[in-house]
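Structure, as structure tokens:
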Amino acid sequence: MNEEIKSIGIYPEYYEFESDYIPLISFKTQQQKDTIEDYILTKADIFFKKIIKINIDVEASQITYHNTITEKDFRSKNISYFYENIFFDLDKRDSDNKLDFSPKWGITFDEKIAPIEVSFLSPTFRVYSDSRPIFKPFYYDHLDYKWNYRYGTIDINGTPVFYYIYFTLQELLDVIKKYLEY
Numbered sequence: 016m017n018e019e020i021k022s023i024g025i026y027p028e029y030y031e032f033e034s035d036y037i038p039l040i041s042f043k044t045q046q047q048k049d050t051i052e053d054y055i056l057t058k059a060d061i062f063f064k065k066i067i068k069i070n071i072d073v074e075a076s077q078i079t080y081h082n083t084i085t086e087k088d089f090r091s092k093n094i095s096y097f098y099e100n101i102f103f104d105l106d107k108r109d110s111d112n113k114l115d116f117s118p119k120w121g122i123t124f125d126e127k128i129a130p131i132e133v134s135f136l137s138p139t140f141r142v143y144s145d146s147r148p149i150f151k152p153f154y155y156d157h158l159d160y161k162w163n164y165r166y167g168t169i170d171i172n173g174t175p176v177f178y179y180i181y182f183t184l185q186e187l188l189d190v191i192k193k194y195l196e197y
């Protein structure tokens, strides 16, 4: 089926997205797709290991994009959605027979479900009675690209079980433009 796309297309019904609010982004070549997926995995790996300091396998813990949901979908989902997509490995135990559950994550383009912006506070800051800290966006340099991190979580009893890592379309386009020859 070769449907003409003027600006925006509609994803085919057989994709079965869990959310009505998730856009489908596609690229022309497999190389472009692989470049973006590598970029996303690298950024997520740095996020977990260097920023929030959780050592997880980012590939194994990523929820596929079409299975992610937004806050609008949250209340309408049956509990089975969460067991199938987030808690599917809840029965794993460590050497002390304690639950060994690693959080899951997915990407989002929706800034509203990623309200937490990682900030940098200078290590030289000292608390004085009349001063307030000045927070600046935290940027992480990697491959000549400065990453600004925003994220959101789904928590159970105050513990994050799912992380939304925010990406912008411009950010992905910049990666394609920078690392692929046209």
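Here the sequence shown stands for residues 16 to 197, where the numbers follow this note's numbering. Glycine is no exception: its CB is placed at the ideal position from the N, C-alpha and C atoms.
Endpoints, alpha helix (DSSP H) assigned at residue i
i	result
TYR61	The identity of residue 61 in the sequence shown is Ile, whereas the question assumes Tyr. First-last of the alpha helix (DSSP H) with ILE61: 45 to 61.
LYS193	184 to 194
TYR166	Not the alpha helix (DSSP H): TYR166 falls in the beta strand (DSSP E), residues 165 to 171.
ILE94	94 to 100
SER76	73 to 76
Between the CA atoms of residue j and residue i - distance to the nearest angstrom
i	j	result
TYR178	GLU132	13 Å
TYR194	ASP49	11 Å
ARG165	ASP125	10 Å
SER34	THR83	7 Å
ILE94	GLN46	37 Å
ILE180	PRO27	25 Å
TYR54	ARG90	32 Å
LEU188	SER110	44 Å
THR44	LYS64	30 Å
ASP88	PHE32	11 Å
Boundaries of the beta strand (DSSP E) in which residue i is found, first to last residue
i	result
VAL176	174 to 181
LYS87	Per DSSP, LYS87 belongs to no beta strand (DSSP E); it is in the alpha helix (DSSP H), 86 to 89.
THR123	119 to 123
Burial state of residue i (16 or more Cβ within 10 Å)
i	result
THR123	buried
PHE62	buried
PHE103	exposed
SER41	exposed
ILE37	buried
ILE101	buried
Cβ separation of residue i and residue j, assumed to be a contact under 8 Å, to the nearest whole Å
i	j	result
GLY173	ILE128	Contact doesn't hold; Cβ gap of about 18 Å is too wide.
GLY121	ILE78	4 Å
Closest by C-alpha distance to residue i, when choosing among the options
i	options	result
GLN185	GLU33, ILE51, ILE37, ILE25	ILE51
ILE171	ILE23, PHE182, PRO118, PRO38	PRO118
PHE97	ILE169, VAL190, THR183	ILE169
VAL176	LYS58, ALA59, LEU56, PHE116	PHE116
GLU99	ASN70, SER76, THR57	SER76
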